[in-house]
Amino acid sequence: MLSNPSLTTYLCRLRSLCLTTVFSFLLPGLVFAAGALAFLVISYIPLCTQLGHAGLHLLLEFLAIFGTGHPFQGLLWLGFSFSFVAVLFDMFASFHTPQEQHER
């Protein structure tokens, strides 16, 4: 199908970058959703109601710090920053593989 080895290499790197971007953007959202769900479940336990509500409130305050008062914007900014750093790391790691270092 693709006979040019350098084109195949670049397509593999592009696929890796796309997957890295998507998964690293979703990771903070999944972590905070799991934390919010845990605090919500804790709030239904009769002796831990205050702890669950306080934890959920602190989680939303933490996200609001990054989103200038809006927790959802904070979650988006964390997702973008995680994604940016992960893409930079993936680019660095893919261009400095041991096989390519021996070719230089």
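Numbering-wise, the sequence shown is residues 188 to 291 according to our numbering.
Just so it is clear, CB atoms sit at the ideal spot from N, CA and C, and this is done for glycine as well.
Nearest-angstrom Cα separation, counted from Ser268 out to Met278:
15 Å
Ser211 burial status per 10 Å Cβ neighbour count (16 or more: buried):
buried
Could you compute how far the alpha carbon of Leu214 sits from the alpha carbon of Leu201?
20 Å
Beta-carbon within less than 6 Å of Gln260's beta-carbon, same chain only, minus the 5 sequence neighbours each way: which residues are those?
Gly254
Rounded to whole angstroms, what's the CA-CA distance from Val228 to Leu243? Just pull it up for me.
10 Å
Taking Cβ positions, are Phe219 and Leu265 nearer each other than 9 Å?
yes
Is DSSP giving Thr255 helix, strand or coil here?
coil
When DSSP labels each residue in this structure, what does His283 get in the three-state scheme?
coil
Is the CB-CB distance between Leu250 and Pro258 below 9 Å?
yes
Short of 7 Å in beta carbon distance, which residues of its chain neighbour Ile252, apart from the five on each side in sequence? Order them along the chain.
Gly261
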